[in-house]
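Here our numbering is used: the first residue of the sequence shown is 60, the next is one more, and so on.
Note sheet for the following structure.
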Amino acid sequence: MRRILQSVKEEPRFIEVAKVGDIEKGKMKNVQVEGMDILIANVDGKFYAIDDRCGHMNALLSMGKLVGNIVTCPFHFAQFDVTSGKKVKEPESEEIKDADKLPEDMQNYLSYVETLIEPVKTYDIQSYKLKIEGNKIFLMINA
Ligand code: FES
């Protein structure tokens, strides 16, 4: 989304992304906006929008779980506040049970993967303003 925010110096635009009735309280919905995945969440009747891509490894957050204003990523369970896009919990690391009993090639491969994953950071994600008009939800971009 930063690409759009930085590349276009225009007045804010509002794009219709959903109807109010499309997203029940406590639910989320993925919408496509100009090629990007945006998550719209209904938190107690109020709507919020953030990038629908985890700040860790890009998983679709809308496939995770929303409790209150916190969405949990379905991949490694990092958590983000849908009202701000701020990360509130780091991903969980997975331990492979009995890894020492795997064939040596597999152990070497897992060790290599671990060295690749270890420096990966988890970032806050972009949030967006929404406007409700009647039954329509509009996403504001370029602001
Ligand atoms: S991709 Fe979301 S926590 Fe790893």
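Backbone N, C-alpha and C define an ideal beta-carbon position, used for all residues, glycine too.
Check: Could you check whether the Cβ of N117 sits closer than 8 Å to any heavy atom belonging to the ligand FES?; Outcome: yes
Check: Using beta-carbon positions only, say whether I200 and P71 come within less than 9 Å of one another.; Outcome: yes
Check: Apply the 10 Å Cβ neighbour rule to S152 and answer buried if 16 or more other Cβ atoms are within range, or exposed otherwise.; Outcome: exposed
Check: Taking its Cβ as the centre, do 16 or more other Cβ atoms sit within 10 Å of Y210, making it buried, or is it exposed?; Outcome: This structure cannot settle anything about residue 210, because the visible part of the chain is limited to 60 through 202.
Check: Please confirm whether R112 and L125 have their CB atoms less than 9 Å apart.; Outcome: no
Check: I'd like the span of the beta strand (DSSP E) that includes E192, first residue to last.; Outcome: L189 to E192
Check: Taking the C-alpha atoms as reference points, what is the distance between A108 and L175?; Outcome: 31 Å
Check: What does the Cβ neighbour count give for K146, buried or exposed, with the cut at 16 atoms within 10 Å?; Outcome: buried
Check: Is T174 near the ligand FES, judged by its Cβ being under 8 Å from some heavy atom?; Outcome: no
Check: Alpha carbons only, please: which of P133, K105 and T142 is nearest the one belonging to H115?; Outcome: P133
Check: How big is the Cα-Cα spacing for E75 and E163?; Outcome: 54 Å
Check: Once you ignore the five residues that flank F106 on each side, which residues in its own chain have a CB closer than 8 Å to its CB?; Outcome: V79, I82, I99, A100, L189, I191 and I196
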